[in-house]
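Protein chains in written order, with the UniProt record's numbering: chain D, 1 to 1000; chain C, 1 to 176; chain X, 1 to 417; chain Y, 1 to 99.
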Amino acid sequence: MTDFRVEGRGRVNRAKPVSFTFDGETYRGFEGDTVASALLANGVHLMGRSFKYHRPRGVVTAGSDEPNALVGTTRGKGRFEPNTRATIQEIYPGLTTESQNKWPSLKFDLGAINDRLYMLFSAGFYYKTFMWPRSFWDSVYEPLIRKAAGLGKAPTEVDPDHYASRYLHCDVLVIGSGPSGIAAALTAGRAGSKVVLVDETAEMGGTLLSEPSVSIDGRPAWDWLAGAMAELDAMPNVRRMTRTTATGYYHQNMIGMVQKLTDHMGDVPEGAPRERMWRVRAKEVVLAQGAIERPMVFDGNDCPGVMLAGAAQTFLNRFGVLVGKQPVVLTSHDSAWYSAFDMADAGAKVVAIVDTRESVPQALQNDARARGIPIHLGHTATATKGRLRVAALRINPVHNGKVGAEKMLSCDAVLVCGGWTPSLHLFSHTKGSLDWDAEAKAYLPGHKTEDVHIAGAGRGLWGIAAALEDGTKAGADAVRSLGGSAGAATFEVADDRTGSGITQKELPTDRSPGKAKAFVDFQNDVTAKDIRLAVREGMKSIEHVKRYTTNGMATDQGKLSNMNGLTIAADALGKEAPQVGLTTFRPPYTPTTFGAFAGYHKGAHFEVTRKTPIDDWAEENGAEYEPVALWRRAWYFPQAGEDMHKAVARECKATRESVGIFDASTLGKIEVSGPDATEFMNRMYTNPWTKLGVGRARYGLLLGEDGFIRDDGVIGRMRDDLFHVTTTTGGAARVLNMMEDYLQTEWPDLRVWLTSTTEEWATIALNGPNARKLLQPFVEGADISADAMPHMSVVECTVAGFPSRLFRISFTGELGFEINVPARHGRVLWEKLWDAGQQYDICPYGTETMHVLRAEKGFIIVGQDTDGTVTPEDAGIGWAIGKKKIDFVGKRSLDRPDIVAKGRKQLVGLLTDDPKTVLTEGAQIVADPNQPKPMKMIGHVTSSYWSEVLGRSIAMALVEGGFDRMDDRLHIPTETGGTVTAKVTGTQFYDPAGERLKVE
Amino acid sequence: MNAPVTSFDAVSVAVLPPVARFNLRIAPADLAVASRIFGLTLPAKIGEGARNGDRAAYCIGPDEWLLHAAEVDQSAIMSGFDTARAETPHSITVLSDREIIIGITGPAAIDLLSTCCPLDLSRMAVGHAKRTVFDYAQVVLIRDGDDAFRLEVWRSFFPHVHGLLEIGVRELAIGL
Amino acid sequence: MTHFSAMSLLKNAISGHKNWPEQWPDKQPKDEYDVIIVGAGGHGLGAAYYLAKEHGITNVAVIEKGWLGGGNTGRNTTIIRSNYLYDESARLFDHALDLWENLSTELNYNVMYSKRGVMMLAHNVHDVQSFQRHIHANRLNDVDNRWLTPKEAKAFCPPLNISPDARYPVMGAALQQRAGTARHDAVAWGYARAAAKRGVDIIQNCPVISIRRGADGAVEGVETGKGFIKARKVAVSAAGHTSVVMDSAGVRMPLESYPLQALVSEPIKPVFPCVVMSNTVHAYISQSDKGELVIGSGTDQYTSYSQRGGLPLIEHTVAAICEVFPIFNRMRMLRKWGGIVDVTPDRSAILGKTPVRGLYVNCGWGTGGFKATPGAAHTLAWTVAKDEPHPINAPFTLERFTTGRLIDEAAAAAVAH
Amino acid sequence: MLLIQCPYCDDALPELEFAYAGEAHIDRPQDPSALSDEEWRDFLFIRSNVKGVHAERWRHINGCGRFFNALRDTVSDRFVTSYKAGEPRPDTSGKEPAQ
């Protein structure tokens, strides 16, 4: 294999050879090479296959805008990723890469059959066909289309790497480290601003890395660059970041940046993050992202070996690689002439410079002749020869529109330049306007929506001197808008390579344009013909053209194709480009790893898991858990050989017969305190609070302003001016926020303060006939006898020596207490009660048993028996509404026509005819099981359990007009097509008289 | 709550012992009363803090103060406020167990906090405190020195926050 | 207009595709129309098509401030399903589903309706109860929807992570096999072409400034960027911009417009065979025929017309996807964009007549408008033609916000659309 | 991510500390029972949904805890100004969005 490496050129580290593989073959490059530069150095141009036609493709660019040279990269288990740009991926020892979208091999790909059929596969082809017969779409056509589509393969294993993120705040963020970016950073840095300078590549310098022949301030470009880097690094207020891509520009100068940390390393430190997402908040932003070179559109312009002239210059000067030994240069811009000169000076035999322009600056022509390079002005290119690698370029003279006789130029590379497009993607993320500059034939930044400055080629400026000057000006402007002062620096530039050029549509040809495969979007195989067809079919906006042809929707997001596409569409419409519009660039600037967005939020840290102070006891004792809001709660405590059903039956029995212990710490707790606390409670909750005595507790019901049930809980009055409010586990934050809203914005006159104490207290519930017997010995400072402490009361005392708020309440129908102690003592108290409880066969129970016990008593669970469309009357708890109250949150809505109307769904009990049958929660209820579908459904089962104490199943349901259907028989169709019949009852299934509360 | 203490030379994360902590809500006009009872002049501006021995007060809302004191003084402080309530309405709530306190010290303290805290911490003055977020958790962040911070985290959020800090310390130790 | 057929395709291929005609002419407005539809999205264009085809009303203009299909039609994640809880919703969306199945043939335009199945994941007991409630209701409404165990869910969608140790373990799933996706642009283009063929004028780049009402209060026409256009019937189908347009007719709406973001990955070979929705972790994902993973996000917290949206929400959405499908962690985001969705207090649409004579509205679809396109368009056309509610859209009135008869799918099940 | 000026903290802080709370200046009626169903509906559901400068409520929920009002241009998402709860909407006619 021939070596295309040029001695004395490039910045790769010749002392450090690096081996890697591509499609199983081992290649050698040097530290500092990208996969693309290393393969080119080995004479390999063919790196991929195109999306639709599977045409052989070579590398086109030297940067992140590469559409063709996408490879799969691997570094061990779980570390494969598809579609990596060979022009960005640095090589390291052991790197494994493979080409994509081909079968069986890159050189011989059966998918290329599509290329033969390309007359069929025109733009919009899919919309016009595959419709006959209809059923074939799902079964035949679509599977085929999908199989052919896609580029690389998806990863198949879990990614073992982790990803970091960091917030960063600075005065001036400079994006892009070419001459203008460096000048801006130097200027702002010298003025003392906190500066961050970022570049997506491994090394800073941008254009300067490809233009070593320029001299700045009397020093060769690379010496000056080294000096500038040293100066920036010496400033404590400046931070330089390489391999860092600004991917998105968000509101108020928030920039998302992704830094590649390890993808270039041979040996990755154990546990090192692969990438870091930087969320930067900058006071001022300088965009210095340069310009993107445009390909030329002509038949065969996608043949491997045809690449951008600027890319060839970069491969030569930055990597020391000659992309061809006999290149032809095809251009409409002066810049490519310099590429030709550099190639020639590096030993290539430049076959010719073909320029579509009839007149080109004399100086350039002289320099070309001096190097013995033949020149063809006013010529077009009409074809290429060669399939896996270009062998010749067919050119013809063009005189006033007439295309003359062809001439074949044998070559091993064609270096093209169709002009340059300012890189303004990030600017357009800000919704800043892009204005058409008729002279520059380019969109340039117009109206700004953010504190941003654009510098250099981004404003259509050309040449190193102009870039430096504009950069330092942007830096100074940024400093000034920060209120600082900075003068623009001056730079002496010699041997600058300024230039100009023209933009044009697909090149004229002497052959039938209908047969030409002149590509605009390489990866998506969109040709000039497709764009003209789209326009012919009525796609008059560039958005329509884009979506119809998929031009600009490839992984380069139109960086190469958008302007050429626009120029051709405008020509087809006979309009100026701006009248056809411009497709908006969207984040991210380049494709960005999902993991970098996810950051730390994976596995256990994907979301917070809240645990109570008693959680670890439950874990040690074999609890199964269920997630409730952000909490994990003990669901049930299975013993050896028990399933949930058995465990729950046992827990219920033990609690009803003796005593059960339950961790209720997740219940929301809010201190409502202040002279107007009672008035506030009266306005918030449906219940009346004025007459509730200190030391007493009451069930509280909270509605939304729409009249539907939002939350409930037991509320204790600790003092005249202090309520201890409890909420549902999931509702705690919502309820506090709702209370604060009314207090702060509707009733600011009320002297009330709210404090969340949910996590100040651990809450242990004891339920069962022996609850008091167990608790009594631990209590000091309070008499908890039946007379002294009636049901629904609260007292402050100590329990086992811990300060406590002790409630006597019951969510089970049994004698019950809820003990609140400072959280740190929760587990200690639990274990004391546990030990003492052994004499009563105390049983720990979880949320499932709690649900069964409350259902046996007909107590509702907000969110299960209610669903956000249920009023207090519907739920059968109208008694909780203070009838004399003139107003409370939601009261007015209860009078709306459809809320007072007949036939609303009301909460009733259901007893199945077969006591052994437990209904499915969510099952629907009908009056007539034999009606045809769609059936008239009159309600659904909200709660359904096996009741051990009753020895039968019980259920609650919301049923239309349910209160008037007592003792009716209703029907519940099952999954299996059967029907269960049940009788409508009240919801208090167990001890309706409440006798069991009266334990002495 | 004996979580492991994580550290390398640039930053260390430690779980600090609990202190008596109170949430005080009172009309700014009555601040003098509160200051007298607490024995420390309470700062009037959100974010500011005042400290004297083991007593500290941080203003975290227009009418909200976070008070720190020795655990032995907890009940005395409560009864002090209790007696004043009649003529000077206010709300004081013991929160000694609601949060767990994490100390973060070392030259890389700000880098570590910046993994999950969106604030520009260079703008935060020493001795100040503010309620903010650390990842998904609401926290109170107190700056004790140029490279010394405290995070007060709700008990049930502690494992999440502390876990993230441990990851961050490892990350900083690797130096990438 | 050329009928698309194997023959016409071949003929044109041979002639180098030089003879395809315009799919729809870009018209200038006439002075008067029988019906004006404001907004050339799938809903508006569809309504015009059905007016012409089923009611013989062809003197119709569809007025669009930008380019047709440029709004939410071309910005959504194309999920199509009908397994809604309430009878009203189920009927409307199932009606749409019936039309989806025939739409390509009906329009002679391949909208690529792909019945790949929509699977909704249950991550906690509440999800399970709520999905069971849906499945039972759907079965009795004859709407396809069935329960899958975690193993069955994994078999249906291999990339799914069903580890019980996951932060949000998969406890099961509800699958509507008949549901799927379609090619969003093709829906707008297909309706536009078919409507234009029947004589409907499609007027692009023509902003509606206001709706003019006569002395009797009835609609007289619309003031536009291209002058006043007369019409006794105006149907507003302007998604996020409905409030603004309706305001000009003196009708204030119970709507708020929020940014909704979506994104796609780089294209990869087929790996994801269906659509998966997880409302608990907020992840909505499918794979397009082009190979891109299409991922939907939730709405941002604040109202906006900026079509921008913030970074934190996207970070959370991608994290959610990687949590449920960990093999995608090394995939890359290719493109992210935003739309503006109009949301009602009960998350259900408003579809039909308004207090103003001759004024009709189709809005409030929130995040779920695309799937309803043919159904909403079809029933709106009926209502406009007959000036009375269609049995299927009858419940979706404005009045329900006065009487309290809301259709609150979200509250009922915490299920996003 | 927005940067939001809290009028109580007198500081511009990241959106993550704030919770949006809907349109501003929709006061709860003194006596709801006196309202017609239509008036009550307007209070509950009707929103201006302006395309332009929108008066809206935010809560500094992960900060000082206060609800406050802000004027924001819903087209650019830029804040014009923010002010304390209970204060009238400031006249900002002709004023450029805050930088």
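Glycine included, each C-beta is placed from N, C-alpha and C at the ideal position.
ask   = Quick one, which residues of the stretch 115–137 of chain C are near chain Y if we go by CB-CB under 8 Å, in chain order?
value = Listed by position along the chain: Pro-118, Leu-119, Lys-130, Arg-131, Thr-132, Val-133.
query = Taking all protein chains shown into account, do 16 or more other C-beta atoms lie within 10 angstroms of the C-beta of D:His-379, making it buried, or fewer, making it exposed?
reply = By 1-based counting over the first sequence, the position of residue 379 of chain D is 379. Under this definition D:His-379 is a buried residue.
inquiry  = Between D:Ala-221, D:Lys-884, D:Thr-847, D:Val-999, which has its C-alpha nearest D:Arg-632's C-alpha?
reply    = Counted from its first residue, the first sequence places residue 632 of chain D at position 632. Per the Cα distances, D:Thr-847.
Residues that D:Ala-823 contacts on chain C, provided the C-beta gap is smaller than 8 Å = In the first sequence, the residue the question calls residue 823 of chain D occupies position 823. Contact annotation for D:Ala-823 against chain C: Asp-97, Arg-98, Arg-155 [CB-CB distance below 8 Å, chain order].
inquiry  = Using a Cβ-Cβ cutoff of less than 8 Å, which residues in the same chain neighbour Y:Ala-98 once the five nearest sequence positions on both sides are dropped?
reply    = Position 98 of the fourth sequence, counted from the first residue, corresponds to residue 98 of chain Y. For Y:Ala-98, the predicted structure reports a pLDDT of 43, less than 50, and the residue's modelled location is therefore unreliable. A value from the coordinates is still provided. If the five residues before and after Y:Ala-98 are omitted, its C-beta is found closer than 8 Å to the C-beta atoms of Gln-5, Arg-78, Phe-79, Val-80, Thr-81, all from its own chain and listed in chain order.
ask   = Does DSSP classify Y:Arg-78 as helix, strand or coil?
value = Taking the first residue of the fourth sequence as position 1, residue 78 of chain Y is located at position 78. Coil.
inquiry  = Please identify, using Cβ separations under 9 Å, the residues of the stretch 8–31 of chain Y that lie next to chain C, in order along the chain.
reply    = So the close ones are Tyr-8, Cys-9, Asp-10, Asp-11, Leu-13, Pro-14, Glu-15, Leu-16, Glu-17.
query = Which partner residues of D:Pro-445 appear in the DSSP bridge assignment?
reply = Here residue 445 of chain D is taken as the residue at index 445 of the first sequence, counted from 1. Per DSSP, D:Leu-434.
task = Given a cut-off of 9 Å, decide if D:Trp-761 and D:Arg-717 are closer than it, judged by their beta-carbon atoms.
result = Numbered from its first residue, the first sequence carries residue 717 of chain D at position 717. Numbered from its first residue, the first sequence carries residue 761 of chain D at position 761. Not a contact, by the Cβ cut-off of 9 Å.
request  = Spell out whether any CB of chain D is found under 9 Å from the CB atom of Y:Leu-71.
outcome  = Locating residue 71 of chain Y in the fourth sequence gives position 71, counting from the first residue. The Cβ of Y:Leu-71 sits no closer than 9 Å to any Cβ of chain D.
query = Does the Cβ of D:Lys-128 have 16 or more other Cβ atoms within 10 Å, making it buried, or fewer, making it exposed?
reply = Counting from one through the first sequence, the residue named residue 128 of chain D turns up at place 128. With 16 or more neighbouring CB atoms inside 10 Å of its own CB, D:Lys-128 falls in the buried class.
For X:Cys-322, three-class secondary structure by DSSP = Translated into positions along the third sequence, residue 322 of chain X becomes position 322. Assignment of X:Cys-322 by DSSP, reduced to helix, strand and coil, places it in the helix class.
Sequence ranges, alpha helix (DSSP H) only - wholly within the stretch 694–753 of chain D, length at least 4 = Within the stretch 694–753 of chain D, the runs of alpha helix (DSSP H) at least 4 residues long that lie entirely inside it are, in chain order, 732–741.
ask   = Residue ranges of each alpha helix (DSSP H) run of no fewer than 4 residues wholly in the stretch 546–599 of chain D, ordered along the chain?
value = If you keep only unbroken alpha helix (DSSP H) runs of at least 4 residues inside the stretch 546–599 of chain D, you get 562–573, 577–580, 594–598.
key: Contacting positions in the stretch 31–42 of chain Y - beta carbon closer than 8 Å to chain D   = Within the stretch 31–42 of chain Y, Asp-31, Pro-32, Ser-33, Leu-35, Asp-37, Trp-40 place their CB atoms closer than 8 Å to a CB of chain D, listed in sequence order.
query = So, is the C-beta of X:Arg-308 closer than 9 Å to a C-beta in chain B?
reply = Here chain B cannot be found, since the structure's protein chains are D, C, X and Y.
message = Using a Cβ-Cβ cutoff of 8 Å, what residues of the stretch 38–62 of chain C are near chain Y? List them in chain order.
response = Those residues of the stretch 38–62 of chain C that come within reach of chain Y (Cβ to Cβ, closer than 8 Å) are Ile-46, Gly-47, Ile-60, Gly-61, Pro-62.
request  = With DSSP collapsed to three states, give me the class of D:Gly-305.
outcome  = Residue numbering aside, residue 305 of chain D sits at position 305 when the first sequence is read from its first letter. The answer is coil: DSSP assigns D:Gly-305 none of H, G, I, E or B.
query = Cβ of Y:Ile-61 less than 9 Å from any chain D Cβ?
reply = Position 61 of the fourth sequence, counting from 1, holds the residue named residue 61 of chain Y. It does: the Cβ of Y:Ile-61 has a partner Cβ on chain D nearer than 9 Å.
inquiry  = So if DSSP puts D:His-971 in a beta bridge, which residue, or which two residues, is it bridged to?
reply    = Residue 971 of chain D sits at position 971 when you count from the first residue of the first sequence. Under DSSP, D:His-971 takes part in a beta bridge, and its partners are D:Val-926, D:Thr-981.
request  = Give the secondary structure of D:Lys-691 by DSSP, where H, G and I count as helix, E and B as strand, and everything else as coil.
outcome  = Position 691 of the first sequence, counted from the first residue, corresponds to residue 691 of chain D. Three-state DSSP puts D:Lys-691 in coil, outside helix and strand.
inquiry  = Give me the residue from D:Met-307, D:Arg-146, D:Asp-530 with the minimum Cα distance to D:Met-119.
reply    = Locating residue 119 of chain D in the first sequence gives position 119, where the first residue counts as 1. Considering only alpha carbons, the answer is D:Asp-530.
query = Using the beta-carbon count (16 or more within 10 Å), is Y:Tyr-8 buried or exposed?
reply = Counting from 1 along the fourth sequence, the entry for residue 8 of chain Y is found at position 8. By the neighbour-count rule (16 or more Cβ atoms within 10 Å), Y:Tyr-8 is buried.
message = Whole angstroms are fine: how far does the CA of D:Val-198 sit from the CA of D:Phe-597?
response = By one-based count along the first sequence, residue 597 of chain D stands at place 597. By one-based count along the first sequence, residue 198 of chain D stands at place 198. Answer to the nearest angstrom: the Cα atoms are 19 Å apart.
ask   = Among all the DSSP beta bridges, which residues are the ones paired with X:Asn-102?
value = Within the third sequence, residue 102 of chain X is the residue found at index 102, counting from 1. None; X:Asn-102 has no bridge partner.
task = Can you pull the chain D residues whose beta carbon is under 7 Å from the beta carbon of C:Arg-143, in chain order?
result = Taking the first residue of the second sequence as 1, we reach residue 143 of chain C at position 143. Within chain D, no residue comes near C:Arg-143; the closest Cβ sits about 16 Å away, beyond 7 Å.
ask   = Taking Cβ to Cβ, would you say C:Ala-29 is nearer than 9 Å to C:Leu-42?
value = Translated into positions along the second sequence, residue 29 of chain C becomes position 29. Translated into positions along the second sequence, residue 42 of chain C becomes position 42. Cβ atoms of C:Ala-29 and C:Leu-42: not closer than 9 Å.
Partner residues on chain X for Y:Phe-45, Cβ-Cβ distance less than 7 Å = Taking the first residue of the fourth sequence as 1, we reach residue 45 of chain Y at position 45. In chain order: Pro-254, Pro-345, Phe-401.
task = Spell out a yes or no on whether the stretch 443–456 of chain D and the stretch 155–164 of chain D are touching, meaning 3 or more CB-CB pairs, one atom from each, closer than 8 Å.
result = No, because fewer than three Cβ pairs between the stretch 443–456 of chain D and the stretch 155–164 of chain D fall closer than 8 Å, the two stretches do not touch.
ask   = Helix, strand or coil for D:Gly-111 per DSSP?
value = Within the first sequence, residue 111 of chain D is the residue found at index 111, counting from 1. In the structure shown, D:Gly-111 sits in a helix (DSSP, three-state: H, G or I).
inquiry  = My assumption, with CB atoms under 8 Å, is that X:Asn-291 sits in contact with D:Ala-149. Please give the rounded CB distance.
reply    = Working through the third sequence from its first residue, we reach residue 291 of chain X at position 291. Working through the first sequence from its first residue, we reach residue 149 of chain D at position 149. Here residue 291 of chain X turns out to be Gly, not Asn, going by the sequence shown. Sure, about 5 Å apart at Cβ, within 8 Å.
query = Quick one, are the C-beta atoms of D:Gly-863 and D:Thr-655 less than 9 Å apart?
reply = Counting from one through the first sequence, the residue named residue 863 of chain D turns up at place 863. Counting from one through the first sequence, the residue named residue 655 of chain D turns up at place 655. Contact annotation: D:Gly-863 and D:Thr-655 have beta-carbon atoms that are not nearer than 9 Å.
ask   = Hey, how far is the Cα of D:Glu-284 from the Cα of D:Arg-719?
value = Stepping through the first sequence from its first residue, residue 284 of chain D is reached at position 284. Stepping through the first sequence from its first residue, residue 719 of chain D is reached at position 719. D:Glu-284 and D:Arg-719 have their alpha carbons spaced roughly 55 Å apart.
message = Against chain C, with Cβ distances strictly below 9 Å, would D:Val-608 count as a contact?
response = Counting from one through the first sequence, the residue named residue 608 of chain D turns up at place 608. Yes - at least one Cβ of chain C is within 9 Å of the one on D:Val-608.
key: Interface residues of chain C facing Y:Arg-66 [CB-CB closer than 8 Å]   = If you number the fourth sequence from 1, residue 66 of chain Y lands on position 66. Contact annotation for Y:Arg-66 against chain C: Gly-61, Pro-62 [CB-CB distance below 8 Å, chain order].
ask   = DSSP puts D:Lys-402 in a beta bridge; with which residues?
value = Working through the first sequence from its first residue, we reach residue 402 of chain D at position 402. D:Lys-402 is bridged to D:His-399.
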